[in-house]
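K.L.:
Going by our numbering, the first residue of the sequence shown is number 40, and it counts up by one from there. Take a look at the following structure, please.
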Amino acid sequence: MNPNNEKYNRFALVREMLQTADVISHFDFGQTKAAADRIKSQGRVFLTGEGSSRIFPAKSFIYGVMKRGLPIAVGTEGSFQASEYDLADWVVVGASNSGQTKEIVGLMKRLGENGHRNRIGVTANVNTKLEEMTDQCYILSCGKEEAVAATKSVVEQALLTRSLLCNMIDCDCPKQAEQAGQFAREIMEAEYDPELIKKLANAPMLYFAGRNNGVAEELTLKTNEITRKKSDYLEGTYLLHGVEEVMNAGEACVLIDPFPSECQKIKELIEGRAGLTVIAIASEDTIFPTIKLPTLKGYDMFFQLMAGWNLLVQTGVALGIDLDKPTRARKIGNEFVG
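Below is the structure:
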């Protein structure tokens with residue numbers, strides 16, 4: 040996404056994606072220390088929200104906690120399902136870019152009516168219903184988004200959940216923020232092989248496969264908003280457990296940081312037998328065409344997400360799509376009224 044090229048910079052979506060580099064460089068990791076202390080004291084935290092406000096922020100946090108074996112129970116679901124759970128003893132963190140999302144505002148309201156006093160909100164706007172219904176609310180600094188697809192707000196939400204983790208462990212993320220921002224900018228401004236973009240543009244279906252850390256799943260959602268294509272998220276090694284039966288030649292699969300031991304089998308089954316175009320986004324070379332990324336501890340998942348953004352934008356531009364204005368999708372999916 041060359042910022043000097045009119046075919047990209049005329050879109051608010053692209054401008055907002057590129058602003059993410061500065062969001063990373065200037066993020067204040069210390070702001071969540073009190074919330075992190077509250078979570079450590081309580082010993083359990085539940086992260087909720089809808090769509091992009093939950094997928095990557097919540098699941099990247101859970102992945103980080105589980106990978107480090109921290110003695111904290113963690114969970115996530117959408118807010119309507121969460122309302123069926125007993126969350127009385129949990130710190131509940133809810134994110135809504137608008138601060139007006141019906142599901143999460145309703146959940147926080149009901150929790151408060153039942154005496155819950157560990158409700159933390161995350162939003163990009165002030166004086167919202169979410170702020171009103173929580174005991175503590177973080178206001179994002181990334182600024183308003185004009186494009187329907189959320190981008191810089193998603194990354195700042197995920198940085199905020201990452202900062203919760205950083206305030207519980209010995210973490211170099213604050214010291215490396217400036218370098219991470221520079222890497223992010225380089226990743227988003229990279230131009231990819233036109234022949235590869237052509238194959239993705241011609242593919243009627245895009246699959247994303249990878250760990251359940253929010254990256255591949257979030258890109259699956261962004262595929263619908265940015266390229267208007269159908270997409271599916273194949274968690275973990277689901278790609279190798281029967282889905283090839285309904286795959287068709289000409290479709291494409293993007294592997295996010297694939298497990299090296301599974302690549303040969305993917306090449307045989309998915310590329311060879313099913314006839315899909317398979318590419319990888321990773322920090323190491325693979326046996327597939329690979330968008331190779333820099334690595335920086337604590338930031339690799341962010342880099343993978345941004346490389347995926349870039350891939351989708353270049354595909355959308357090749358298709359002649361207005362990236363800012365989907366036909367049916369809305370900025371606030373289901374707005375609280377009343």
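Beta carbons: idealized from backbone N, C-alpha and C, even for Gly.
Is it the case that the stretch 200-211 contacts the stretch 101-121, given that we only count it when at least three CB pairs across the two stretches are under 8 angstroms?
P.N.:
They touch, by the three-pair rule.
K.L.:
Helix or strand or just coil, what does DSSP make of residue 116?
P.N.:
Your numbering for residue 116 matches position 77 in the sequence shown. Correct three-state label for residue 116: strand.
K.L.:
Since residue 64 is in the alpha helix (DSSP H), which residue starts that stretch and which ends it?
P.N.:
By one-based count along the sequence shown, residue 64 stands at place 25. Counting along the chain, the alpha helix (DSSP H) containing residue 64 begins and ends at 51-64.
K.L.:
Sort 351, 76 and 333 by Cα distance to residue 159 and report the nearest one.
P.N.:
Position 120 of the sequence shown, counted from the start, is the residue given in the question as residue 159. Comparing Cα-Cα distances from residue 159 to each of 351, 76 and 333, the minimum goes to 76.
K.L.:
State the Cα-Cα distance for the pair residue 182 and residue 163, rounded to the nearest angstrom.
P.N.:
For the purposes of this step, residue 182 is identified with residue 143 of the sequence shown, where counting begins at 1. For the purposes of this step, residue 163 is identified with residue 124 of the sequence shown, where counting begins at 1. About 7 angstroms.
K.L.:
For the alpha helix (DSSP H) containing residue 203, list its first residue and its last residue.
P.N.:
Against the sequence shown, residue 203 aligns to sequence position 164. Looking at the DSSP string, the run of the alpha helix (DSSP H) that includes residue 203 is 191-205.
K.L.:
Do residue 316 and residue 290 have their C-beta atoms within less than 9 angstroms of each other?
P.N.:
The residue given as residue 316 occupies position 277 in the sequence shown. The residue given as residue 290 occupies position 251 in the sequence shown. Against a cut-off of 9 angstroms, the Cβ pair of residue 290 and residue 316 comes out as a contact.
K.L.:
Measuring CB to CB, does residue 227 end up less than 9 angstroms from residue 345?
P.N.:
Numbered from 1 along the sequence shown, position 188 holds the residue referred to as residue 227. Numbered from 1 along the sequence shown, position 306 holds the residue referred to as residue 345. Yes, Cβ-Cβ distance for residue 227 and residue 345 is below 9 angstroms.
K.L.:
Considering only the alpha carbon of each residue, which of 327, 135 and 124 lies closest to residue 235?
P.N.:
Position 196 of the sequence shown, counted from the start, is the residue given in the question as residue 235. Here the closest residue by C-alpha is 327.
K.L.:
Distance check for residue 336 and residue 174, CA to CA, integer angstroms please.
P.N.:
The residue labelled residue 174 in the question sits at position 135 within the sequence shown. The residue labelled residue 336 in the question sits at position 297 within the sequence shown. Each residue's Cα considered, the two are about 32 angstroms apart.
K.L.:
Residue 202 and residue 95 look like a contact to me (Cβ under 8 angstroms); what is the Cβ gap, rounded to whole Å?
P.N.:
For this step, residue 202 is matched to residue 163 along the sequence shown. For this step, residue 95 is matched to residue 56 along the sequence shown. Not quite, the Cβ-Cβ distance comes to about 15 angstroms (not below 8 angstroms), so this is no contact.
K.L.:
Name, in chain order, the residues that DSSP records as bridge partners for residue 271.
P.N.:
Walking along the sequence shown from the start, residue 271 turns up at place 232. According to DSSP, which records beta bridges pairwise, residue 271 is partnered with 246.
K.L.:
Where do the ends of the alpha helix (DSSP H) carrying residue 151 lie?
P.N.:
Within the sequence shown, residue 151 is the residue found at index 112, counting from 1. Counting along the chain, the alpha helix (DSSP H) containing residue 151 begins and ends at 141-152.
K.L.:
With respect to the beta strand (DSSP E) encompassing residue 331, which residues constitute its N-terminal and C-terminal limits?
P.N.:
Here the question's residue 331 lines up with position 292 in the sequence shown. 329-331 is the span of the beta strand (DSSP E), which, as asked, contains residue 331.
K.L.:
Taking buried to mean at least 16 other C-beta atoms within 10 Å of its own C-beta, is residue 155 buried or exposed?
P.N.:
To locate residue 155, count along the sequence shown from 1; it is residue 116. By the neighbour-count rule (16 or more Cβ atoms within 10 Å), residue 155 is buried.
K.L.:
Between the beta-carbon of residue 199 and the beta-carbon of residue 169, is there less than 9 angstroms?
P.N.:
In the sequence shown, counting from the first residue as 1, residue 199 sits at position 160. In the sequence shown, counting from the first residue as 1, residue 169 sits at position 130. Contact: no.
K.L.:
On a Cα-Cα basis, can you pick out the residue from 314, 299 and 309 that is closest to residue 320?
P.N.:
Reading the sequence shown from its first residue, position 281 is the one you call residue 320. Closest by alpha carbon: 299.
K.L.:
Tell me residue 86's beta-bridge partners as DSSP assigns them.
P.N.:
The residue given as residue 86 occupies position 47 in the sequence shown. Residue 86 is bridged to 115 and 132.
K.L.:
Using beta-carbon positions only, say whether residue 215 and residue 338 come within less than 9 angstroms of one another.
P.N.:
Translated into the one-based positions of the sequence shown, residue 215 becomes position 176. Translated into the one-based positions of the sequence shown, residue 338 becomes position 299. Yes, they are a contact pair.
K.L.:
Below 6 angstroms CB to CB, which residues in the same chain sit around residue 259 once its five sequence neighbours on both sides are set aside?
P.N.:
Working through the sequence shown from its first residue, we reach residue 259 at position 220. Excluding residues within five positions, the ones whose Cβ falls inside 6 angstroms are 247, 270 and 272.
K.L.:
Looking at C-alpha atoms only, which residue of 111, 166, 130 and 119 is the closest neighbour of residue 138?
P.N.:
Locating residue 138 in the sequence shown gives position 99, where the first residue counts as 1. Per the Cα distances, 166.
K.L.:
Roughly how many angstroms lie between the CA atoms of residue 357 and residue 47, to the nearest whole one?
P.N.:
As a first step, residue 357 must be located in the sequence shown, where it is residue number 318. As a first step, residue 47 must be located in the sequence shown, where it is residue number 8. Spanning the two alpha carbons is a distance of roughly 11 angstroms.
K.L.:
Quick one: grab the DSSP three-state call for residue 127.
P.N.:
The residue given as residue 127 occupies position 88 in the sequence shown. Residue 127 falls in the coil class under three-state DSSP.
K.L.:
Nearest to residue 83 by alpha carbon, out of 71, 50 and 157?
P.N.:
Here residue 83 corresponds to residue number 44 of the sequence shown, with the count starting at 1. The option with the nearest alpha carbon to residue 83 is 157.
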